[in-house]
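There are 2 protein chains.
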Amino acid sequence: MTDFDLKDFTPYLLNLAAETSSAGFQAYYKDRYGMLRTEWRVLFHLGRYGPLTAKEICERARIHKTKVSRAVSALEDKRYLLRREQAEDRRLETLRLTEAGKKVFKDLYKEAARFDLEMMSDFTAEEHAILHKCLTKIAAL
Amino acid sequence: MTDFDLKDFTPYLLNLAAETSSAGFQAYYKDRYGMLRTEWRVLFHLGRYGPLTAKEICERARIHKTKVSRAVSALEDKRYLLRREQAEDRRLETLRLTEAGKKVFKDLYKEAARFDLEMMSDFTAEEHAILHKCLTKIAAL
DNA sequence: GGGAATTAGTTACGGAAGCAACCAGAAAAA
DNA sequence: TTTTTCTGGTTGCTTCCGTAACTAATTCCC
Numbered sequence: 565m566t567d568f569d570l571k572d573f574t575p576y577l578l579n580l581a582a583e584t585s586s587a588g589f590q591a592y593y594k595d596r597y598g599m600l601r602t603e604w605r606v607l608f609h610l611g612r613y614g615p616l617t618a619k620e621i622c623e624r625a626r627i628h629k630t631k632v633s634r635a636v637s638a639l640e641d642k643r644y645l646l647r648r649e650q651a652e653d654r655r656l657e658t659l660r661l662t663e664a665g666k667k668v669f670k671d672l673y674k675e676a677a678r679f680d681l682e683m684m685s686d687f688t689a690e691e692h693a694i695l696h697k698c699l700t701k702i703a704a705l
Numbered sequence: 565m566t567d568f569d570l571k572d573f574t575p576y577l578l579n580l581a582a583e584t585s586s587a588g589f590q591a592y593y594k595d596r597y598g599m600l601r602t603e604w605r606v607l608f609h610l611g612r613y614g615p616l617t618a619k620e621i622c623e624r625a626r627i628h629k630t631k632v633s634r635a636v637s638a639l640e641d642k643r644y645l646l647r648r649e650q651a652e653d654r655r656l657e658t659l660r661l662t663e664a665g666k667k668v669f670k671d672l673y674k675e676a677a678r679f680d681l682e683m684m685s686d687f688t689a690e691e692h693a694i695l696h697k698c699l700t701k702i703a704a705l
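So the sequences go chain by chain: A and B.
Numbers given in my numbering equal positions in the first sequence, counted from 1, plus 564.
Numbers given in my numbering equal positions in the second sequence, counted from 1, plus 564.
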């Protein structure tokens, strides 16, 4: 019963790979814009899919509402987004990026694409496809 | 420039997959033994590779020394391991599992193997091999 | 219409992580 | 020897995350 090693344990490997792969990009948005991971994700969703409510971001991004709430406040403090209360339901706030926010999004978006390309350059197209397929299935997307 | 989506961003996917895949097993050792992730990893290393110093665990497991230090204390409180100061260098402590610790290790070890098997049953052998190869490379092991 | 139950979002609190400062012991240098 | 540097390990501080409780607005249902 000693044939199974930690490096054969998929969740462990996934965590290690996730940490390693995130580190580089994380440093980029942290150093450059003082942003946290959740902030980057929220910014991405708004930049990529247009104005959304916090609720919608929660669902799409699968982030807990308290984290989103804090990220939204932080992005607001940085003047990267604006809130606008909806007239028909005053519990809802539409969130939209400011010009400054859009600029940051564009930079990070480009960098993310570049980063991903660079990272995947070690693999063949087939490996890349299988990797993504497996990850998507595991993440149950 | 809108062809790149969050779900195409490998670090994002990796994080999602890592979180999802860890959740099930994490619940197991948390509910059953009140352990944290770092504690489980330290326990695993000691159970799988025999007595080690904290330093060695840091290197092998790639965990920061403060985390290891706290995990070791926690495992000691639970009576899962013992420290023994080395005579030739009194800064070093050899850590070894108690009988209770070994029992917990065996249970978790078996459960991890089972969990992994179950999780991978969705994939073909080839996919499994490629997935692990890619993850190992990304994690730069 | 007027409660009761829901829902969007915030806040408060306790635990966990990272960083830096720290302590003791050992090795290196003077 | 003694003083400086380095190393293994711990602790303090601050930030971050998750759970649960809360507020305000809306809908359900009588």
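Virtual Cβ for every residue (Gly too), placed ideally from N, Cα, C.
For A:PHE669, the closest Cβ of chain B is not nearer than 7 Å.
In this structure, the alpha-carbon of B:LEU607 lies about 8 Å from that of B:LEU639. Under the 7 Å criterion on CB atoms, A:THR602 is classed as non-interfacial with respect to chain B. For A:ARG634, the three-state secondary structure derived from DSSP is helix. Between the region 617 to 636 of chain B and the region 591 to 609 of chain B, the count of C-beta pairs closer than 8 Å reaches three or more; the two stretches touch. Boundaries of the alpha helix (DSSP H) harbouring B:LEU695: 689 to 702, taken from the DSSP string.
Following the DSSP letters along the chain, one finds A:GLU603 inside the alpha helix (DSSP H) bounded by residues 601 to 613.
Considering only A:SER637, A:LYS571, A:GLN590, the residue with the shortest C-alpha distance to B:ASN579 is A:GLN590. Distance from the CA atom of A:THR662 to the CA atom of B:THR630, rounded to whole angstroms, is 41 Å. Legend: CB atoms of the region 610 to 624 of chain B lying less than 8 Å from CB atoms of chain A belong to residues ARG612. For A:ASP680, the nearest beta carbon of chain B is closer than 7 Å to its own beta carbon.
In this structure, A:PRO615 sits near A:ARG660, with a CB-CB distance shorter than 7 Å. 7 Å or more divides the Cβ of B:LEU646 from the Cβ of A:CYS698. Residues of chain A with a Cβ closer than 8 Å to the Cβ of B:LYS571 are, in chain order, THR700, LEU705.
For B:THR574, no beta strand (DSSP E) segment is defined; the enclosing uninterrupted segment is the alpha helix (DSSP H) at 574 to 597.
Closer than 7 Å at the C-beta level to chain A, one finds these residues of the region 584 to 599 of chain B: THR584, SER585, SER586, PHE589.
For A:LEU646, the uninterrupted beta strand (DSSP E) run begins and ends at 645 to 649, by DSSP. Interface annotation, B:GLU663: not in contact with chain A, CB-CB separation never under 7 Å.
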